[in-house]
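Student: Protein chains in written order, with the numbering used here: chain A, 1 to 495; chain B, 496 to 1160. Once you've had a glance at the structure underneath, I'll fire off some questions.
This is the structure we're talking about:
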């Protein structure tokens, strides 16, 4: 059988190198598109042969790498990672089509970084060895840093370095957590092993409760800064809004923080010394993020910053759903990751189109764009409606599952989240009304609607939002299978 | 019955029409109106056929269900309640689509109009035939979306864009309560089953929910020192949704502004169909309401208050459509009151309320379409600029007068003679009297009867100001084309005779809806004592007619004979007029104070500055570290011995640290 997981990691990285070497913009974008399409085909093949009735790892690959340290090249995919790989494999080729005619940024370096990013992110999702996991984890920082630094807005230097240092410090704390797991497990079993599942299974045997909690919190910190949750989100608004549109979308596809919660944190949670405290921390962080993000989005004058805060608010559902600890609340959190990736892509793409067409993102300087950009308006309204949680679109499925099923265990936090729903609707509609409707602002001059490349790319994402909103089973079923397994551990421990 | 197998087509055909019209409408004559018209006509035929089938065989409900995802399903439940709603909605929608061919003929964006009204019709029909609360909620939200899109249909007008947003946000407040109700309900069901939901049962289906009512009543929580049944909480949260959608106080504020949309939209969505979704929700979950202590009392009081409150504002509006908008709010108040009467009359309340809902749909759609006909001809909404329109538009005048008589409730008490509005409003007022007698709560009755007087006053004020007297400006005008007047005539006939023809059979039909449930036992759970109709005093029996006639006479004297000089009353110095004309300062309270001052300027900006602080803290920390790094650089002396010493010191420190750590753990 094909080592398909290695291929979907290596092909983007290989094509990244090829793309860097191309001479012209035309060659670069074709090379990039070919690379991502091959990855897409392989991913779709994997997806359609995926068995969503089992929670076990599939397509596993295993080879010793550094036996003396217990490090192995171990890859695998299950219901937690499959949908996220699918998300990346689908959106990145569309992102290349979206930027097809982009005069400002499209170049060999630009597409090269984009492909490197795809390889690194998929690498995180398929790694079953903490060492490999951490390498890919850190690798994702690099393309994004350059994206912001080279093609960013006026404040790009500050935003880039802030993002880099902030999340890097968090990663180092996470690394300490990994070392804590690794060395303690080594001491217990007498042999080194970096396997994620192995380390998690040994975690419960660590004697000291303080140690267990410290390890748990260190890992948690690493993940939630990436997610991010309030109050560890300060890097995000600057980075998201300074990045070029494609960079913002890549940030959105970087779902590794939430992924860590499902892959690492939840299986460890019942074995911490104070599980109820950890649940409280996660639930409270989730609820606060939802409400705080919504209010901050309401206060923004810049459309892109508004979307950035909206993203923080939506990611709160991931943490909240984890704290819910019912299989369907956890599945809802997983589905939120998938849904958020699609919806935010459309939001940032719409914002990018507006910025290119009008030269501004300040909501009050826009106005009446719907008259000049009818095609964009249709797609953008759909994206905004999905983002505010309209049923029939993916956002609702995720939010409904998280709210309903988290209420069983953490009702207070759900009530806080419910308060945010009206605020969420308010900032979306306010932005639409000011930017798109009303009288056209003549100062904006001549405006052209989106290009056919952009229509194609955004249209496909819009259809996916609609499709998975009406019929979530194709990705939700595998999530449920895996979250049932995760939650069954809690039941055993009586959490 | 083969027809029931086609039930799924009822919402699906208009949904398909939405897609087709949206993409192909530009290439077809009159914006592709033919597609939704044909689709809705078929839906209407299927609905009527199913209704006829149910009339012959009332216990044979149409039920279909398919698995959706996880533990949820999509399904169809057509019982008598759903059947009458389906027939009414598809029929009214069909007429309004036909009317719109004429009304919208000059608008370049016709394809979008017809696509969006088709989407609305699909969502509304889907809402009605849902067999579970979640699907109902989903369609409920889609209905809200279509309403948003259609209010903002002329989105280049700032007023329309703003009204659309206001409508969506205000109803969203209710929707969140509705959603919270579902969340709480689900978690209670979870508790009832001890976390093990039965296999193969969809617990959110209405009939499954109703089975669990006794268990749900038993779950209590203490809120603000009061022991409250969770069923009361759930039903009141559902009712919160209804308050938003059906324009009850205090979430009614969006409805008058919604008149910024095309008049056909006002008729279809904001008069006949969508706004009744809240009433329908309460009727649909009525078994839960009647088993929930205190819920129906809240419903009755709020409905009666809304009926009166809105009617007071109706008498001072000068915009044709706004008068009708407040009238709609007021009439929805009657329907809600009708449901609240379930506290004394049991399941009959659903029949009473639904009967008014259906009759109201006919005469209110008619009123709006007549107003649309006038607006189409003269080009203004302002009644002060009109007068004498009856001479140029005789058909519109006649049909609107019929609708006004139906709304005001003219008929002979104790018989089946009367306009349909009389035959359906009268039982609500009578029920309110019975409610007062048996529970001692007189306010709902007083509100209802005062509102009846005001209703007659404001609607005849509208008729006299618009159609009689001499033209006050040179507005031109002509009678509307037949694609507009034919729907008017059909609706006028229904407004006159529908009530009289169907009264008895309607109540029986709706009563069959709950034959599977022991309503009296449920009422006992809720602590309601059902009473039986006694003989009301003669005055009470005739009171609704007396106030209606009084309203007509006063309107005639003031607005036609002009016996009173209105300028002394209609003045900025009259505090009552000022209060009414400014609509009780609701805009200032809800929008300027609450939304802008508290939510936006207060909380959002507080958040904005706290986020700035946090950001400053993060940046400050890094600056501090960089400066610390700078000073540390001075230790890099370049002298090897210094480094060696540092290394030794470091290792020593590390060893001590490790020792310490080992001892702690």
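For each residue, glycine too, the CB sits at the ideal point set by N, CA and C. Just so you know, these numbers come straight off a predicted model, no measurement behind them.
Whose C-beta lies closer than 6 Å to the C-beta of residue 534/B among residues of the same chain, with five residues either side of it excluded?
Tutor: So the qualifying residues of the chain are 508, 509, 512.
Student: Can you say whether residue 697/B is buried or exposed, counting buried as having 16 or more other CB atoms within 10 angstroms of its CB?
Tutor: Buried.
Student: Spell out whether any CB of chain A is found under 8 Å from the CB atom of residue 851/B.
Tutor: It does not; no Cβ of chain A falls within 8 Å.
Student: Using a Cβ-Cβ cutoff of less than 7 Å, which residues in the same chain neighbour residue 857/B once the five nearest sequence positions on both sides are dropped?
Tutor: Excluding positions up to five away in sequence, the list reads 915, 986, 989, 990, 993.
Student: Check whether the region 807–816 of chain B and the region 836–844 of chain B are in contact - that is, three or more C-beta pairs closer than 8 Å.
Tutor: They do not touch, by the three-pair rule.
Student: In chain order, what residues of the same chain have a beta carbon less than 6 Å from the beta carbon of residue 18/A, not counting five sequence neighbours either side?
Tutor: Within the same chain, residue 18/A has close Cβ partners 31.
Student: Does the region 433–440 of chain A come close enough to the region 639–659 of chain B that 3 or more CB-CB pairs lie under 8 Å?
Tutor: In short, these stretches touch, since the Cβ pair count reaches three.
Student: Spell out a yes or no on whether the region 268–288 of chain A and the region 209–216 of chain A are touching, meaning 3 or more CB-CB pairs, one atom from each, closer than 8 Å.
Tutor: Flag = yes, the region 268–288 of chain A and the region 209–216 of chain A touch.
Student: Which stretch, first to last residue, makes up the alpha helix (DSSP H) that contains residue 258/A?
Tutor: Segment 256–260, the alpha helix (DSSP H) holding residue 258/A.
Student: Check whether chain B comes within 8 Å of residue 371/A, counting only Cβ atoms and requiring the distance to be less than that.
Tutor: By this cut-off, residue 371/A is an interface position.
Student: Taking Cβ-Cβ distances below 7 Å as the criterion, which residues of the region 646–663 of chain B are in contact with chain C?
Tutor: Protein chains in the displayed structure are A and B, and chain C is not among them.
Student: Can you give me the start and stop residues for the beta strand (DSSP E) that residue 151/A sits inside?
Tutor: First-last for residue 151/A: 141–151, but that is the alpha helix (DSSP H), not the beta strand (DSSP E).
Student: Is it true that the CB of residue 12/A sits closer than 8 Å to the CB of residue 61/A?
Tutor: No, the Cβ-Cβ distance between residue 61/A and residue 12/A is not below 8 Å.
Student: Would you mind giving the Cβ-Cβ distance between residue 111/A and residue 28/A, rounded to the nearest angstrom? I have them listed as a contact below 8 Å.
Tutor: The Cβ separation is near 5 Å, so the contact holds.
Student: Pull the bridge partners of residue 567/B from the DSSP assignment, please.
Tutor: Answer is 564/B.
Student: Suppose you measure from the CA of residue 933/B to the CA of residue 717/B; what does that come to, to the nearest Å?
Tutor: So the alpha carbons of these two residues sit roughly 29 Å apart.
Student: Where does the unbroken alpha helix (DSSP H) through residue 979/B begin, and where does it stop?
Tutor: Unbroken alpha helix (DSSP H) run through residue 979/B: 977–1006.
Student: Tell me whether residue 630/B is buried or exposed, calling it buried when 16 or more other Cβ atoms sit within 10 Å of its Cβ.
Tutor: Classification of residue 630/B: buried, given that the 10 Å Cβ count is 16 or more.
Student: Determine the burial state of residue 889/B: buried for a count of at least 16 other Cβ atoms within 10 Å of its Cβ, exposed for fewer.
Tutor: Burial call: exposed.
Student: By DSSP's criteria, residue 718/B is part of a beta bridge. Which residues make up the other side?
Tutor: Paired residue(s): 721/B.
Student: Could you give the DSSP three-state label for residue 61/A: helix, strand or coil?
Tutor: Correct three-state label for residue 61/A: strand.
Student: Cα separation between residue 230/A and residue 292/A?
Tutor: Straight-line Cα distance between these residues: approximately 8 Å.
Student: Helix, strand or coil, according to DSSP, for residue 129/A in the structure here?
Tutor: Strand at residue 129/A.
Student: Under the assumption that residue 180/A contacts residue 223/A (Cβ atoms under 8 Å), give the Cβ distance between them as a whole number of angstroms.
Tutor: With 8 Å as the limit, residue 180/A and residue 223/A do not qualify as a contact, their Cβ atoms being about 15 Å apart.
Student: Between the region 361–377 of chain A and the region 316–324 of chain A, do at least 3 Cβ pairs fall closer than 8 Å?
Tutor: These segments do not touch.
Student: Over the uninterrupted beta strand (DSSP E) stretch that includes residue 500/A, give me the two end residues.
Tutor: With chain A running from 1 to 495 in the structure shown, residue 500/A is simply not present.
Student: On a CA-only basis, which of 53/A, 165/A, 159/A is nearest residue 1120/B? Give me that one, please.
Tutor: Checking every option, the nearest Cα to that of residue 1120/B belongs to 165/A.
Student: If you draw a straight line from the C-alpha of residue 1126/B to the C-alpha of residue 1113/B, how long is it?
Tutor: Roughly 20 Å between the two C-alpha positions.
Student: Which two residues bound the contiguous alpha helix (DSSP H) that contains residue 1037/B?
Tutor: Taken as a continuous stretch (DSSP letters only), the alpha helix (DSSP H) holding residue 1037/B covers 1033–1050.
Student: Does the count of Cβ pairs from the region 335–347 of chain A and the region 307–318 of chain A closer than 8 Å reach three?
Tutor: Short answer: they touch.
Student: Consider the Cβ of residue 472/A: report whether some Cβ of chain B lies at a distance smaller than 8 Å.
Tutor: Closer than 8 Å to some Cβ of chain B, the Cβ of residue 472/A qualifies, so yes.
Student: So, are the CB atoms of residue 768/B and residue 619/B less than 8 Å apart?
Tutor: The answer is yes: Cβ separation under 8 Å.
Student: Please compile the residues from chain B whose C-beta is within a distance smaller than 8 Å of the C-beta of residue 430/A.
Tutor: The answer, in chain order, is 660.
Student: Return the residue from the list 103/A, 121/A, 241/A, 461/A that minimises the CA-CA distance to residue 496/A.
Tutor: Absent from the model: residue 496/A. The displayed extent of chain A is 1 to 495, so no value can be given.
Student: Can you look up residue 558/B in the DSSP assignment and give me helix, strand or coil?
Tutor: Three-state DSSP puts residue 558/B in a strand.
Student: With a threshold of 8 Å between beta carbons, is residue 503/B in contact with chain A?
Tutor: Judged by the 8 Å Cβ criterion, residue 503/B is not in contact with chain A.
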